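Student:
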Amino acid sequence: MNTGAIMKHQAFIAAIALALAPVLSRAQEKFGARDGNITFFSHAPLEDITAVSRNAASVLVPATGAIEFSVLIKAFEFKKALMQEHFNENYMESGKFPKAKFNGQLKTEPGDDISKPGAHTVQVDGTLSIHGVDQPLHTRAILTASTDGTIQAECKFNVRPEDHGITVPGLVRDKIAKSMEVTVSITYHKL
Amino acid sequence: MNHKAFLVLATCLPVVPLMAQDSLLDALGKDSTANSYTIAIFKSTRVVNGHSLETLPQGVLDLRISHRMGFVNGGISNFFGLDQATIRLGLDYGITDRLMVGIGRSSYQKTVDGLLKYKLLRQCDAGCTMPIALDVVASASVTTLVAEEVPWYRPGNEDYLSNRLSYNFQLVAGRKFTEGLSFQVMPGVVHRNLVTRKDEHNDLVNVGVAGRVKLSRRSALTGEWFGVLPGQGPRDPFHNSVAIGVDIETGGHVFQLHFTNSTGMFERAFITETTGDFFKGDIHFGFNISRVFTVYDPKAKALRKQDGIHAKPQKARVPAK
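As given, the protein sequences belong to chains C and Y, one line each in that order.
All residue numbers for the first sequence refer to my numbering, where the first residue is 1 and numbers rise by one.
All residue numbers for the second sequence refer to my numbering, where the first residue is 1 and numbers rise by one.
(1) Should Leu-143/C be flagged as near chain Y, meaning a C-beta pair shorter than 9 Å?
(2) Let me make sure I understand the geometry here. Which of Met-180/C, Thr-144/C, Val-61/C has the alpha-carbon closest to that of His-120/C?
(3) Helix, strand or coil for Asn-163/Y, going by three-state DSSP, please let me know.
(4) Straight-line CA distance for Val-137/Y to Phe-278/Y?
(5) In whole angstroms, what separates the C-alpha of His-43/C from that of Ile-176/C?
(6) Could you pull out every residue in the same chain whose Cβ sits closer than 6 Å to the Cβ of Arg-105/Y, ignoring the five residues on either side in sequence?
(7) In chain order, which continuous runs of the beta strand (DSSP E) of length 3 or greater are located wholly inside the segment 136 to 184 of chain Y?
(8) Return the CA-CA distance between Ala-243/Y and Pro-98/C, expressed in angstroms with no decimal places.
(9) Helix, strand or coil, according to DSSP, for Pro-22/C in the structure here?
(10) Anything in chain Y within Cβ reach of Ala-57/C, meaning under 7 Å, just list it in chain order.
(11) For Asn-37/C, list the residues DSSP reports as bridge partners.
(12) Spell out the partners DSSP gives Lys-107/C in its beta bridges.
(13) Pair every Cβ in the segment 262 to 280 of chain Y with every Cβ in the segment 61 to 74 of chain Y, then say whether three or more of these pairs are closer than 8 Å.
(14) Would DSSP call Thr-272/Y helix, strand or coil?
(15) Would Gly-251/Y pass as an interface residue toward chain C - the criterion being a Cβ-Cβ separation below 9 Å?
(16) For Ser-36/Y, go through chain C and note every residue whose CB falls closer than 7 Å to its CB, in chain order.
(17) Any beta carbon from chain Y within less than 9 Å of His-86/C's own beta carbon?
(18) Classify Asp-92/Y: buried if its beta carbon has 16 or more other beta carbons within 10 angstroms, exposed otherwise.
(19) At a CB distance below 7 Å, what residues from the segment 102 to 126 of chain C approach chain Y? Give them in sequence order.
(20) In whole angstroms, give me the CA-to-CA distance for Arg-332/Y and Phe-79/Y.
(21) In angstroms, rounded to a whole number, what distance separates the CA positions of Phe-169/Y and Val-209/Y?
(22) In chain order, which beta strand (DSSP E) runs of at least 3 residues are fully inside the segment 47 to 112 of chain C?
(23) Measure the alpha-carbon distance for Phe-177/Y versus Phe-183/Y and round it to whole angstroms.
(24) Taking the C-alpha atoms as reference points, what is the distance between Ile-212/Y and Leu-82/C?
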């Protein structure tokens, strides 16, 4: 094969790469947020406890369905300052495990595209990492794409502290639920 | 064949999975750098007798019940000290997250004491650089004994109120070095308006050290020492204050169990008037029980407010044309 032919081939590949580039980059279009709301609620016979973080970080790639979350444990705010301290010190050990993370995949209904305006119900499967312990998480979420280019996501699921190696001593068992209800509400903007 | 083209492709392909391994969150750029201050340097606002770096959060009331039994070397006839008890009952309150006030009543010399404690510097975890925490403590005490029983009164002395007063000023500087290890230094001065003997100094400059080693998530070993600096007049029969103890925390309570040679539980008493010699067995078993009550919820108010603001755009979320 002569050099001319190779040159031609290279030019051809380059042309394909160039032609594909916009397609690929659109496929990798990312949506992100730094101000996601994550609330958890513990209902127990003696006490109801609510905590909220307003700065969860998340990135979503509509084309691939990849989704990732990260939230600082210390950023959770409680009504009572001492609860917040105990949450960090005695249960979550936020000095050792500063963040909770979720890494997963969205599955849409066949033929659905979440970047199209409107509400979409999706299946979310992934791994939730809290207190240094990974657990699979399967839940459903509602994603609402707006014409202004934002995507609003709402999701609710339950987490058992025990599953993540968080022990609740007998003395306070009537104050802390066995299962926490976690609510996620986040508005993604195009990155 | 076009080996070169194949090579180009082959070298490009692995790039895709390699990129996929990076966290998606990298696309958001660096983490936000909101200031985050170190929490729970100690479990309670006191190490044993003296102040720790902690103050109460805003709106929290702390009821403190402290006991010091008799000397354990009192033997079986005194049930190793458990026959006697010196008591301090105290109430502390967090006016802001950095300013705490407190009052107390001790059976030791029937003393009433009041205190102010302010967090001047906060140790920083993220977003800022402050490596230490620094508190200032100011307290005053007044004995309510009848004049003849006040130890530093002499027959014929006029019973002025000012003669019953003493003051304490202290800096508490320290750091939570790791999750399990905190250490602090406490230089201070105790001022007594009236002292027993002419050659005694009214002001006693002193320094203390204290530390904590966590044993588990809810318990810790604590230690404390206060010494009056030498060259400030005769100190006999008083000794420096030593204490070792255990903190056990259970939700709203902190139990502090300890051994100390000090009888009093306010600064003038334990820094300048400790009579026991720790190493000769003049040791009290003692405990502090701290029970906190949230009497005012500043955060709950703020959260409700934020929720109100947050609810608006959600209601107004009508498909925009």
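Just so it is clear, CB atoms sit at the ideal spot from N, CA and C, and this is done for glycine as well.
Treat the numbers as computed from the prediction; the structure is a model and nothing was measured.
Tutor: Well, looking at it:
(1) no
(2) Thr-144/C
(3) helix
(4) 26 Å
(5) 7 Å
(6) Leu-89, Val-112
(7) 165 to 178
(8) 34 Å
(9) In this prediction, Pro-22/C has a pLDDT of 49, which is less than 50 and means its spatial position is unreliable; what the coordinates show is noted afterwards. It is helical.
(10) Leu-25, Leu-28
(11) Per DSSP, Ser-185/C.
(12) Gln-123/C
(13) Yes, they touch.
(14) helix
(15) yes
(16) Lys-74
(17) yes
(18) buried
(19) none
(20) Look at the range of chain Y in this structure, 1 to 321, and you will see that residue 332/Y is not part of it.
(21) 15 Å
(22) 48 to 61, 66 to 72, 99 to 107
(23) 7 Å
(24) Just to set this straight, residue 212/Y is Arg in the shown sequence, not Ile. Going from the Cα of Arg-212/Y to the Cα of Leu-82/C covers about 19 Å.
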